[in-house]
Each structure stands twice: as C-alpha cells, then as structure tokens.
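Written out below as structure tokens is the structure these notes cover.
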Amino acid sequence: MVLTHSPAVQLTDVYKRYSDVTAVDYLDLDVKRGEIFGLLGPNGSGKSTTLKMILGLVKPDSGYVNVLGINVEEDPVAVKRKVGYVPESPHVYEFLTGLEFLDFAGDVYGMKPDEKKKRIEEFLRALELEGREGDTISSYSEGMKQKVVIISAIMHRPELLLLDEPLSGLDPKSARIVKDLLRQLASQGVTAVMSTHILEIAQAMCDRIAIMYEGRLLALGTMEELRQRARMPDSGLEDIFLKLTGTGDIKPIVEALMK
Amino acid sequence: MNWKNVLLLVGVEIKSYRMVRGSKFRRFRESRLVTYGLFVGACLIGALIGWAFGSFYHGVSASDLKNLLLQGATYLFISLPTLSLLYGIVFTQMNQIQRIGVKKSIEPLYWFPISWKERTLASILANVLGVPLVISIFIGSSIFVASIFFGLIPLAVLTIFALLASVILASVTTEILKVLQVRAYGAVTRVAGRRAVWVRLLGSILFFIIFYGFYFSFYYSVTPIALIESVAGGQRMLWFLPYVWPGMALSTFVSKLWVEMAAFSLASLIFIYALFVAATNLNTRFGLYEAPSIRISYGVYVPRAGVLGRLGFSALEEAIMRKDFRAFTRRNELMYIFIFPIISIIVPILSAMRGSTALPSTFSSFLFVYLTLLPGTLMTIVLGTIIVGSEGESIWYLYSSPISAKSLVKAKYSFIILFGLFVTSICSLITSLLTTPSIQVAFIGFFEAVFLIFSLAMVSLTCGIKGADFRELLPRPSMIRPKWGFINMAVCFATGLAIIAPMIPYAMKLIFQAGESWLTMPMSLSEYYPYIALLTSGVIAAVITYIFRKTALNSAEQLLAKAEG
C-alpha cells in the first residue's frame with residue numbers, strides 16, 4: 001500500500017439537502033492515498049450522494065470537497081480526468097457496441113491509440129467479453145453492461161476510483177478479477193472509494209470502512225477498530241453493521257412475516 | 001380456454017397501450033366512466049350525424065337526386081367493412097410500431113400459467129377494444145339511424161356485424177404480422193450482419209418515402225366518393241380474397257343472392273377462426289423469440305484516426321461527434337430526423353407535378369427558395385433542439401467525464417452544422433435541377449441557407465441545452481421540455497427572419513419579375529443590392545451566433561456542473 005501524507009479525498013463539513021430530506025449531514029472524511037475505502041450504510045444513508053459530491057456531480061450546500069489536492073468546485077474537469085467512476089445503475093449508450101463504447105471512453109480520457117487498444121483488449125479478455133465486443137450493448141445482460149462500465153472506469157489508469165456497488169450483477173469469476181484488480185491498483189497507489197451492500201466484500205477488501213446512517217458518519221476505522229467501537233470483539237461486519245445502525249433486532253420481523 | 005385469464009390479460013394489454021401512448025391525461029383515460037362515456041358519446045354523435053343525413057334524404061323531393069343518394073348509401077354500406085378493415089390494419093399496425101421499441105410492455109409474462117391461446121385472444125381483443133371499437137360504434141350508430149330514413153335497416157344491421165368482423169379480422173392479422181415482423185427482423189439482422197444498421201436505417205427511410213409518397217399522391221388525387229366507388233367495385237373483382245368476404249356478404253345481400261350471402265358470411269367466420277389458430281401457433285413457436293443482436297465489428301480492433309482531427313477537433317470532441325452520428329443512424333426514435341428533409345422535398349414536388357407538366361415561374365421561384373432554405377434549416381433546428389436531450393439517462397457518462405463546456409458545445413454544434421450543410425447541399429442541387437435558377441440566385445440562396453444553418457444551430461443548441469429532458473419516457477423520450485421547445489421555435493423564427501430580412505426586397509423583385517405583367521416592383525434595386533444584402537445577412541448571422549454561443553457555453557457549464565436535475 002502506498003500512502004502519502006495528503007489525503008486522496010478530503011470532505012470537510014459537507015452538507016447536502018434535497019428539499020426536506022438531509023442526504024449528507026456535515027460529513028468530515030479523509031481517504032488516504034492508496035487505500036481501499038468502504039462506504040457502508042442502509043438504503044438512503046447518503047453513500048451515493050457522497051460519492052457524487054466527491055466527483056463534482058453534486059454540489060454540496062456547504063462544506064468543501066478536495067480530491068487529489070484539487071478543490072472539486074473550482075476545477076471539476078481536472079478532478080474527473082484523474083477519477084474513474086462506476087455509478088450504481090449505469091445507463092450506457094445501448095446503440096454502441098461494447099468496443100465502440102470503450103473506444104469512446106478511451107478518447108474521452110485522452111488515451112493514446114496504442115495504449116487504448118492494448119488495455120481494451122486486455123480487459124475484454126480478462127472479463128470474458130471477447131467475442132461479444134462487436135455486439136450492440138442493447139443485447140448485453142446487466143452483468144455484461146456492468147463489466148463494460150468497470151472497464152471504462154479503470155482502463156485509463158485513474159488515480160482515484162469511485163465505485164458505487166461495483167460488483168452487482170457480476171459473475172463470481174469476474175467479481176474475483178475485479179476485486180484482485182482493485183488490490184493490485186491499490187498496491188500501485190490508486191485509491192478506491194467503494195460503496196457496497198455486500199458486507200463480506202467490504203470486510204475482505206477494504207482497508208478502512210465508514211458506516212453511514214441518515215447522512216451522518218456512525219463509525220470509521222479498520223475492522224479491528226470497528227469491533228472495538230461496537231464492543232463485539234469476535235463479530236463479523238454484518239453484526240457490527242446491524243448493531244451500529246440500530247437494525248439488529250430482525251427476529252420479530254421475520255416471525256411476523258411467517259405468521 | 002380460461003376466460004378469466006383472457007379478461008385479466010385484456011386489462012393488462014389495454015393498460016400497456018396507455019403506458020406506451022404517454023402519461024398525459026392518464027388519470028382520465030384510466031377512468032371507466034370516461035371509457036364508457038366515449039362509447040356513449042360515439043354512439044350519440046354517430047346517431048346525430050345519421051339523423052342529419054337521413055333528414056336531408058327525407059327532405060329531398062327530386063326523385064333523381066333521391067335515387068342517387070340511395071345508391072350512394074348502398075355503396076357506402078357495402079364498402080364499409082373493407083374500408084374499416086384497411087383502417088383497422090393501419091391503426092393496429094401503427095400501434096404495434098409504437099410498442100415495438102418498448103420491450104417491457106410487450107414481453108409476455110411467460111412464467112405465469114397462461115396458455116398461448118389465451119394470450120393471443122387477449123391481445124386480439126385488446127387491439128379491438130379501443131379506438132377501433134369507438135369508431136365502429138360511431139359508424140354503426142350513424143348508419144343505423146340513417147338507414148331508418150333510407151329504408152335500409154336489414155342492410156344496416158348486417159353492415160354493423162360485418163364491420164365488427166372486419167375489425168376483428170384486422171386485429172388477428174396484426175397479431176400474425178407482429179410475430180412475423182419480429183421473426184423477419186431477426187432473419188434480416190442475421191443475414192445482414194454488420195450491414196443490419198444500414199439496412200434498418202435505409203429501410204425506415206424508404207418506408208416513410210413510400211408511405212408519404214402514397215399518402216400525398218392519394219391525398220391530391222382521390223376524393224372520398226371515388227374511394228368508396230373503387231372499394232365497392234374492387235371487392236367484387238377481388239371476391240376470391242378472404243379479406244373482402246364480409247363486404248361480399250353485404251354485396252350479395254343487396255343483390256338478393258341468399259345462398260352466396262350465407263356462404264360468404266360463413267366463410268368470413270371460418271377465415272377469422274383459421275387466422276386465430278395460425279396466430280396462436282405462430283405465437284407458440286416464436287412468441288418468445290429474441291431477435292439476434294446486431295454484430296457490428298468483427299476481428300481485430302484497430303483504433304481509427306479520424307478525419308476530424310485534422311480539422312482541429314480534439315480526440316474527445318471527435319469521439320462525441322462519432323457517437324452522435326451512430327446514435328442518429330442506429331436509434332429508432334432519432335431516425336425521423338432524416339425523414340424531415342425528405343418530406344419537405346416530396347410535398348412541394350408532388351404538388352408541383354399535380355396537373356401540369358411545366359412549373360409556373362412564380363411557383364418555380366417559391367420552390368427554389370423553399371427547397372434551398374427550408375429542409376436544411378428545419379433539420380438544423382430539430383437537431384439542435386434534441387441533440388443534448390437525446391443523451392438520455394446515459395448523460396451520467398458525460399457528467400462524470402473530463403468534458404469541458406467548450407468541448408461539449410463545439411462537438412454538438414459542429415455535428416449539427418455538418419448535417420445541416422449536407423442536407424442543404426443536396427437540396428440545392430435538386431432545386432437547381434428542378435427550377436434552373438441563375439448562377440447569382442443559386443449562389444445567394446445557398447449562402448443565405450448556410451447563414452441560417454450556422455446561426456440557428458447555435459440558437460437551437462442553446463435552447464436544447466437549457467431545456468434538455470433526459471428522462472427516458474414511453475413511448476419515446478421527449479428530449480426537450482415542451483416550454484423550451486416553444487421558446488426555441490419562437491426564437492428561431494425571429495432570428496431567422498432577422499437574418500433573411502435584408503434579402504426580402506431582392507426576393508420580392510424576383511417574384512415580381514417572374515409574376516404576371518400587372519405586378520410591378522414599387523422600388524428599384526441596384527445591381528449590387530443582392531451582394532450588400534447577403535453581406536448584411538452574414539453579419540447579422542455572425543452576431544446572432546456569437547451572442548448565442550456565449551449563452552450556450554454558460555448553459556453547458558451549468559449543465560455539467562450541476563448534474564442533480
């Protein structure tokens with residue numbers, strides 16, 4: 001893991017509200033360079049909004065967002081050039097083929113033709129899209145679309161990856177490849193901020209985990225630190241998560257449903 | 001057959017039609033009261049019109065006219081089933097075309113315990129229970145009330161049954177065509193391979209050319225009476241075609257050929273049933289058929305160095321333009337942009353060809369101005385309005401990519417300009433061949449069109465960015481919010497008028513020169529006037545382009561900076 005002193009992502013007192021709903025409630029967060037950082041939280045806890053604010057897609061009502069030393073509000077294009085983003089439910093240009101979309105993505109990120117060709121071919125082979133790359137994306141399954149979007153986010157070698165549920169819809173082999181790839185990238189100094197509902201993945205992959213609830217940061221730290229915080233020394237992330245978010249008592253709900 | 005399943009499915013199908021047609025007034029359209037009100041309204045209005053015709057007939061004293069009207073009414077009754085069949089097929093086909101792009105609304109719920117027979121019947125009934133039924137009720141009540149005055153009640157009653165049979169016949173036929181279309185589309189895609197995109201684009205354009213050519217030539221040459229006469233006569237000649245059998249049953253009834261009438265009636269019912277069986281079998285076999293995907297590229301991937309790079313476009317701008325070109329040639333809902341100029345050319349040419357062989361000189365001047373300025377300009381305006389909204393929900397990719405407002409505006413604007421200039425060049429060529437203008441007039445006309453394209457592209461792009469609608473609604477995304485659509489039209493009209501204003505006196509002079517001898521130009525123009533006017537037009541166009549470019553850049557910056565909307 002390559003760590004430098006200045007954080008890759010720095011959120012200071014960030015607040016965001018949508019009409020009468022507070023999405024992010026004065027959030028302070030530092031993500032170190034080269035770490036895989038997990039954002040956990042129930043639906044509507046503000047994870048996706050946080051990721052969008054980091055990329056400059058959503059403007060905070062107050063507070064500051066700094067990414068790789070750049071103020072997002074001041075120069076969003078410079079930030080986007082260094083970031084790869086995978087949204088939660090990506091809509092891709094379905095009239096393009098997978099290859100055309102990746103070619104488009106390569107041009108958008110200013111990749112050189114040779115480099116672009118090499119990376120596209122490597123990724124297509126690794127994620128088993130070879131043979132289907134010439135088909136229009138409209139004929140792809142959801143998992144295949146997700147693979148195309150992941151490739152488009154990684155192939156230009158960004159310094160920061162923002163991944164919103166990146167493994168959803170992927171088959172086990174592709175999910176494993178993406179996970180190993182993220183670890184490799186992290187070892188080379190690439191930072192990844194990942195939002196996920198799959199707690200096993202967060203536990204296995206992330207160096208540090210932030211648990212969000214109703215726009216606030218409930219807990220932040222390594223797995224060990226989270227265990228200590230929850231006073232659950234031998235528990236997994238699922239139990240800690242349920243305890244911290246106050247949704248642990250699910251037994252009566254299941255019993256009621258079975259009646 | 002489980003009739004409960006059929007009725008449930010009919011409800012689902014009808015609801016899916018509503019979904020496809022859009023969300024406006026859905027609350028009213030979903031109300032049963034409104035639906036029944038429509039049926040009752042159609043019945044009352046039909047009866048009123050029938051009563052009006054009947055009263056008119058009753059009031060006529062001249063026996064010649066009375067006989068003529070009676071004969072006309074009989075012809076009308078006989079031809080109605082075939083007419084309604086034609087109408088029914090066109091209507092239900094249009095319905096299917098609307099639904100074909102909306103996969104989720106036509107995908108059968110194959111995992112439910114419902115047979116294909118029930119599904120097919122429900123689909124057929126749902127096609128009937130809508131506008132076709134409202135129109136049938138309207139026509140039925142109208143002819144029934146009129147027949148009381150004409151003394152044709154038995155024929156009217158039979159006509160109503162034949163009408164219903166024809167509507168069902170149309171619906172069953174559509175059901176068959178629906179399956180065959182999907183299957184044929186799949187076969188064409190498989191055979192055509194990477195050419196499938198072009199086959200589809202050119203096929204769509206050809207379809208619309210034929211459709212509009214047929215429609216306008218029909219519109220300009222056939223009167224309703226001639227149509228009724230030709231249908232009534234034509235079906236007798238084509239008696240061997242099962243589709244005219246309901247009409248033949250009426251025709252033989254009028255001729256008092258009772259055996260033939262019974263035979264045609266029975267044969268019509270058997271034919272409907274046979275088609276239903278065929279539709280069920282086709283659905284069973286191909287109902288879940290997935291058309292193969294279009295494979296566009298094979299083999300080794302070689303990144304292409306585009307021509308546009310040499311013209312000063314960055315790789316990013318070129319990528320956006322290439323992507324937009326693919327969108328407009330591959331997306332069904334965007335292909336209509338190519339049909340626009342084609343219709344603009346077909347309509348005046350058909351009306352020019354109507355009746356006479358040589359074009360009158362005033363019309364020739366009008367045609368020159370029309371064909372040089374209008375198609376390219378209209379296409380530019382429409383493209384500018386929708387080109388940003390057409391990104392749809394995939395806009396997130398542009399939002400999250402390192403695209404500056406300047407690059408976005410440059411790429412989109414250049415794309416519109418290239419298309420507009422291409423269409424204008426083609427139209428100018430056609431116009432020059434048709435109207436043989438002087439070199440001076442052709443030169444001025446072409447450059448005036450170019451000025452319009454350059455400035456109105458920026459105007460409409462500005463409105464397109466400000467009013468972009470990225471929601472992917474059914475049946476097709478609107479791409480521009482209605483308010484901005486109207487604003488764009490008004491601003492384009494005003495700015496377009498400002499650009500061509502200096503040229504109006506010259507255009508008037510040409511028209512007066514070509515016109516009748518009693519028309520004279522109220523003032524004289526110097527020989528340099530057209531060039532001064534052209535220069536002035538160019539300056540006005542440049543100023544408008546400059547002003548709107550600034551607005552477009554600001555709007556694009558806002559769009560990219562605030563992706564929440």
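Chains as they are written, first to last, in the numbering used here: chain A, 1 to 259; chain B, 1 to 565.
Positions of the beta carbon are idealized from the N, C-alpha and C atoms, including for glycine.
Model, not experiment: these values are computed from the prediction.
Assuming residue i contacts residue j under a Cβ cut-off of 8 Å, what Cβ separation, rounded to an integer in Å, is found between them?
| i | j | result |
| --- | --- | --- |
| residue 80 of chain A | residue 401 of chain B | 6 Å |
| residue 124 of chain A | residue 133 of chain A | 5 Å |
| residue 47 of chain B | residue 147 of chain B | Actually they do not touch by this definition, with Cβ atoms about 12 Å apart. |
| residue 14 of chain A | residue 65 of chain A | 6 Å |
| residue 144 of chain B | residue 160 of chain B | 7 Å |
| residue 171 of chain B | residue 135 of chain A | Actually they do not touch by this definition, with Cβ atoms about 35 Å apart. |
| residue 470 of chain B | residue 420 of chain B | With a Cβ gap of about 24 Å, residue 470 of chain B and residue 420 of chain B do not count as contacting. |
| residue 136 of chain B | residue 167 of chain B | 6 Å |
| residue 45 of chain A | residue 214 of chain A | 6 Å |
| residue 447 of chain B | residue 534 of chain B | 6 Å |
Taking the alpha-carbon positions, what's the residue i to residue j distance?
| i | j | result |
| --- | --- | --- |
| residue 209 of chain B | residue 338 of chain B | 11 Å |
| residue 234 of chain A | residue 204 of chain A | 15 Å |
| residue 388 of chain B | residue 461 of chain B | 8 Å |
| residue 536 of chain B | residue 558 of chain B | 33 Å |
| residue 246 of chain A | residue 195 of chain A | 20 Å |
| residue 49 of chain A | residue 71 of chain A | 17 Å |
| residue 43 of chain A | residue 139 of chain B | 56 Å |
| residue 172 of chain A | residue 38 of chain A | 20 Å |
| residue 190 of chain B | residue 296 of chain B | 11 Å |
| residue 311 of chain B | residue 51 of chain A | 38 Å |
| residue 227 of chain A | residue 87 of chain A | 30 Å |
| residue 208 of chain A | residue 148 of chain A | 27 Å |
| residue 555 of chain B | residue 403 of chain B | 14 Å |
| residue 108 of chain A | residue 153 of chain A | 11 Å |
| residue 313 of chain B | residue 458 of chain B | 18 Å |
| residue 488 of chain B | residue 425 of chain B | 25 Å |
| residue 61 of chain A | residue 117 of chain B | 58 Å |
| residue 47 of chain A | residue 394 of chain B | 21 Å |
According to the neighbour-count rule (16 or more other Cβ atoms, all chains shown, within 10 Å of its Cβ), is residue i buried or exposed?
| i | result |
| --- | --- |
| residue 539 of chain B | exposed |
| residue 156 of chain A | buried |
| residue 530 of chain B | buried |
| residue 274 of chain A | Chain A is shown from 1 up to 259; residue 274 of chain A falls before or after that span and cannot be answered. |
| residue 142 of chain A | exposed |
| residue 245 of chain B | buried |
| residue 330 of chain B | buried |
| residue 493 of chain B | exposed |
| residue 249 of chain B | buried |
| residue 258 of chain B | exposed |
Confirm, please, whether the CB-CB distance from residue j to residue i is below 7 Å.
| i | j | result |
| --- | --- | --- |
| residue 163 of chain B | residue 113 of chain B | no |
| residue 464 of chain B | residue 423 of chain B | no |
| residue 162 of chain A | residue 55 of chain A | yes |
| residue 175 of chain A | residue 167 of chain A | yes |
| residue 412 of chain B | residue 317 of chain B | no |
| residue 122 of chain B | residue 6 of chain B | yes |
| residue 34 of chain A | residue 186 of chain A | yes |
| residue 16 of chain A | residue 23 of chain A | yes |
| residue 368 of chain B | residue 437 of chain B | yes |
| residue 200 of chain A | residue 137 of chain A | no |
At 8 Å on the CB atoms, spell out the chain A contacts of residue i, in chain order.
| i | result |
| --- | --- |
| residue 296 of chain B | 97, 100, 134, 135 and 136 |
| residue 555 of chain B | Under the 8 Å cutoff, chain A gives no residues; its nearest Cβ is about 16 Å from residue 555 of chain B. |
| residue 195 of chain B | Within 8 Å Cβ-Cβ: nothing; residue 195 of chain B doesn't reach chain A, min ~13 Å. |
Anything in chain B within Cβ reach of residue i, meaning under 8 Å, just list it in chain order.
| i | result |
| --- | --- |
| residue 121 of chain A | 301 |
Mind listing the chain B neighbours of residue i? Cutoff is C-beta to C-beta under 7 Å, in chain order.
| i | result |
| --- | --- |
| residue 139 of chain A | 293 |
| residue 20 of chain A | Going along chain B, no residue has its Cβ under 7 Å from residue 20 of chain A, so there is no contact; the nearest lies around 16 Å. |
| residue 116 of chain A | 303 |
| residue 241 of chain A | Here the premise fails: no neighbours, minimum Cβ distance about 28 Å. |
| residue 33 of chain A | Result: empty, since nearest Cβ-Cβ is about 20 Å, beyond 7 Å. |
| residue 80 of chain A | 400, 401 and 402 |
| residue 55 of chain A | 400 |
Can you pull the chain B neighbours of residue i, defined as C-beta to C-beta under 9 Å?
| i | result |
| --- | --- |
| residue 110 of chain A | 314, 315, 316 and 402 |
| residue 64 of chain A | The contacting residues do not exist; residue 64 of chain A stays about 16 Å from chain B at best. |
| residue 91 of chain A | 392, 393, 394, 395, 396, 397 and 472 |
| residue 158 of chain A | The premise fails here: residue 158 of chain A is roughly 10 Å from chain B at the closest Cβ pair, so nothing lies under 9 Å. |
Check the Cβ of residue i against every Cβ in chain A and list those closer than 7 Å, keeping chain order.
| i | result |
| --- | --- |
| residue 249 of chain B | Per Cβ cutoff of 7 Å: no residues; residue 249 of chain B is ~47 Å from chain A at best. |
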